[in-house]
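So for the sequence shown, the numbering used here puts the first residue at 218; every next one is plus one.
Note that CB positions come from ideal geometry on N, CA and C, so glycine has one too.
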Amino acid sequence: MPRIQCLIPDLPSPADIAAYLEEMAAARWYSNFGPLNSRFQEEIIQFLVAHSLANAEAEALTCSSATAGLELALRALELPAKAKVLVPALTFPASALAVLSAGLTPVFCDVDDESWMLEPDIAEAALGQGIVAVMPVTTYGRPLPTAPWQAFSEKTGCHVVVDAAASLGQQDTRGSLTFVFSLHATKPFGVGEGGLIVSSDKKLLDSAKSLSNFGFLGPAGVIQARGINAKMGEYYAANGLAQIRRWPDVFEKRKSIWNAYQRAFTGLEGKLLLQKDAEAFVPGTLMVRSSGQGATAFTELAARGIQTRRWYLPALYEHPALREFAEPVTTYPVSEQLKQDLIGLPFHGFLSSDDVAEIVSILSETLGTQ
Ligand SMILES: *Cc1c(COP(=O)(O)O)cnc(C)c1O
């Protein structure tokens with residue numbers, strides 16, 4: 218066991234959810250769009266509206282994971298079989314797996330050098346190969362600006378489904394894009410396992426809902442489409458309702474650790490780069506950029522009992538199961554460089570400011586600054 222863990226989930230306690238579970242047991246309703254699930258869907262929209270992160274007309278659909286949510290959102294678009302969907306090379310493999318499960322073809326593109334994300338200009342340059350949809354990713358939890366993506370979608374006619382897995386509570390969903398969030402235990406807003414589609418497109422949500430329930434729609438027992446079972450159960454919805462109430466505390470803790478890191482990083486200017494706009498959001502997982510010293514930093518930190526992770530690495534084009542969709546590595550120069558540079562540091566609400574000071578001081582030694 219490392220002395221300082223990279224990630225520690227922050228979920229509701231049994232006491233936080235006891236009252237919801239009593240309700241569930243009394244109703245004997247455990248899944249299939251139960252009352253806790255409906256309440257969670259309503260309350261999460263109210264929560265987003267209260268934080269100016271959703272319009273009042275937006276709706277949420279729960280599902281079993283973000284991976285399933287991405288598949289459902291893509292399938293609800295009713296694109297031609299095998300149609301091409303642009304996905305950034307630097308993301309969690311689920312982004313590409315969802316495209317494949319939806320019967321579509323992922324096309325991997327490089328990411329921006331500063332945001333480390335798929336940006337609208339990259340998508341625009343990649344069009345012309347038959348791409349009909351784009352899946353930008355809120356990499357490491359960095360929320361994306363919606364206006365440029367909406368403009369991209371309007372200009373090109375391309376569908377945009379945002380993999381916002383690690384950004385619930387920070388990503389603005391106002392406007393016409395569709396967002397998919399993860400509620401996995403390792404995400405900032407965790408319930409254990411779960412996903413959430415947020416959109417103002419009622420037709421898309423209705424279709425995704427039916428697809429999440431085998432494709433049942435209309436007369437009982439009749440499937441209208443070949444769906445899957447990707448519903449959220451009531452136990453997870455109970456966690457979701459409790460997590461909404463805990464969120465101000467969960468977020469404040471993360472924010473204060475992030476502030477401590479940013480203060481500690483000031484001595485490392487020139488040696489260490491942060492993701493674009495780093496001061497404007499709280500990361501889901503913390504990756505910092507060195508110049509080619511990722512591997513050295515991993516070894517040094519590990520030797521001192523500090524766990525590190527290479528979040529979203531290897532890049533999509535390097536996974537054996539995805540290699541058939543890979544272009545030559547020269548197609549992905551930024552991702553290739555980020556592979557050498559990125560260092561995944563411990564980041565969670567249970568770190569102390571001493572932990573942060575120690576981590577950054579080891580990093581300073583490693584990167585050659587005192
Ligand atoms: C975590 C993550 C997912 C998968 O979320 P699940 O809810 O575990 O399916 C998808 N995409 C990205 C970018 C992620 O970080």
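Bounding residues of the beta strand (DSSP E) (the contiguous stretch that carries residue i)
{"i": "E486", "result": "First-last for E486: undefined, no H or E at that position."}
{"i": "M504", "result": "L503 to R506"}
{"i": "L559", "result": "L559 to L562"}
{"i": "F325", "result": "T322 to C326"}
{"i": "V349", "result": "I348 to V351"}
{"i": "D380", "result": "H376 to D380"}
{"i": "L303", "result": "K301 to P305"}
{"i": "T279", "result": "E276 to C280"}
{"i": "L413", "result": "G412 to S416"}
{"i": "T583", "result": "Looking at the DSSP string, T583 is not in any beta strand (DSSP E); the run it does join, the alpha helix (DSSP H), is S570 to L584."}
{"i": "F396", "result": "T395 to S399"}
Cβ shell of residue i (< 6 Å), same chain only, five flanking positions each side left out
{"i": "V377", "result": "V351, W366, S370 and L394"}
{"i": "I339", "result": "C326"}
Residue range of the alpha helix (DSSP H) that includes residue i
{"i": "T284", "result": "A283 to A293"}
{"i": "Q524", "result": "That residue, Q524, is in no alpha helix (DSSP H); it is neither H nor E in DSSP."}
{"i": "N254", "result": "P252 to A267"}
{"i": "I339", "result": "P337 to A343"}
{"i": "P231", "result": "P231 to A244"}
{"i": "A311", "result": "A311 to S318"}
Residue of the options minimising C-alpha distance to residue i
{"i": "S429", "options": "P500, G450 and G409", "result": "G450"}
{"i": "T284", "options": "G487, I474 and D380", "result": "D380"}
{"i": "V551", "options": "A244, D329 and C223", "result": "D329"}
{"i": "S281", "options": "A481, G566, Q441 and K426", "result": "K426"}
{"i": "G286", "options": "F264, S312 and G435", "result": "S312"}
{"i": "I440", "options": "K448, A447, F431 and N446", "result": "F431"}
{"i": "A306", "options": "E553, A368 and D572", "result": "E553"}
{"i": "R463", "options": "C223, S230, L224 and P219", "result": "S230"}
{"i": "V169", "options": "L539, L518 and G501", "result": "With the chain running from 218 to 587 in the structure shown, residue 169 is simply not present."}
Residue i versus residue j - alpha carbon distance
{"i": "I262", "j": "A343", "result": "34 Å"}
{"i": "T390", "j": "T373", "result": "20 Å"}
{"i": "W528", "j": "T308", "result": "8 Å"}
{"i": "P537", "j": "A454", "result": "35 Å"}
{"i": "Q326", "j": "A277", "result": "Here residue 326 turns out to be Cys, not Gln, going by the sequence shown. Answer to the nearest angstrom: the Cα atoms are 29 Å apart."}
{"i": "S508", "j": "L303", "result": "28 Å"}
{"i": "G411", "j": "G585", "result": "42 Å"}
{"i": "Q587", "j": "P310", "result": "Note that Q587 scores 40 on pLDDT, short of 50, meaning its location in the model is unreliable; the coordinates nonetheless yield the value given after this. Cα-Cα distance, rounded: 38 Å."}
{"i": "G392", "j": "E469", "result": "27 Å"}
{"i": "T535", "j": "E240", "result": "The displayed chain sequence assigns Glu, not Thr, to residue 535. So the alpha carbons of these two residues sit roughly 47 Å apart."}
{"i": "W246", "j": "P252", "result": "8 Å"}
{"i": "P297", "j": "E341", "result": "21 Å"}
{"i": "A512", "j": "G561", "result": "11 Å"}
{"i": "Y213", "j": "Q510", "result": "Residue 213 cannot be examined here, being either before or after the span of the chain that is shown, 218 to 587."}
{"i": "D558", "j": "R506", "result": "5 Å"}
{"i": "A242", "j": "G487", "result": "57 Å"}
{"i": "I221", "j": "P563", "result": "7 Å"}
{"i": "N272", "j": "Q492", "result": "28 Å"}
{"i": "L400", "j": "E582", "result": "37 Å"}
{"i": "A300", "j": "G345", "result": "13 Å"}
{"i": "P405", "j": "I474", "result": "13 Å"}
{"i": "P360", "j": "V316", "result": "21 Å"}
{"i": "E295", "j": "S318", "result": "13 Å"}
{"i": "G386", "j": "S424", "result": "25 Å"}
{"i": "F485", "j": "C223", "result": "Contrary to the premise, residue 485 reads as Leu rather than Phe in this sequence. Each residue's alpha carbon lies about 21 Å from the other."}
Ligand 1 heavy atom lying under 7 Å from the CB of residue i
{"i": "D380", "result": "yes"}
{"i": "A447", "result": "no"}
{"i": "G407", "result": "no"}
{"i": "A383", "result": "yes"}
{"i": "F309", "result": "yes"}
{"i": "S625", "result": "Residue 625 cannot be examined here, being either before or after the span of the chain that is shown, 218 to 587."}
{"i": "G509", "result": "no"}
{"i": "G585", "result": "no"}
{"i": "I370", "result": "The question names Ile, but residue 370 in the sequence shown is Ser. No; taking the cut-off as 7 Å, the Cβ of S370 has no heavy atom of ligand 1 nearer than that."}
{"i": "K420", "result": "no"}
{"i": "G487", "result": "no"}
{"i": "S312", "result": "yes"}
{"i": "H401", "result": "yes"}
{"i": "V354", "result": "yes"}
{"i": "G412", "result": "yes"}
{"i": "K299", "result": "no"}
{"i": "K404", "result": "yes"}
Cutoff 7 Å; reference residue i; Cβ partners in own chain excluding five residues on either side
{"i": "L422", "result": "E276, L278, I414 and S416"}
{"i": "G556", "result": "One point to set straight first is that residue 556 is Lys, not Gly, in the sequence displayed. Excluding positions up to five away in sequence, the list reads L530 and A532."}
{"i": "N249", "result": "K448"}
Beta-carbon contacts of residue i that lie in its chain and below 8 Å, excluding the five residues immediately before and after
{"i": "L228", "result": "A402, G407, V408, G409, N456 and Q460"}
{"i": "V467", "result": "D227, P405, F406, Q460 and G566"}
{"i": "H268", "result": "G386"}
Proximity test, residue i beta-carbon vs ligand 3 heavy atom, cut-off 7 Å
{"i": "S473", "result": "No copy of ligand 3 occurs in the structure displayed; its ligands are ligand 1 alone."}
Any C-beta of chain C under 8 Å from that of residue i
{"i": "H565", "result": "Here chain C cannot be found, since the structure has a single protein chain."}
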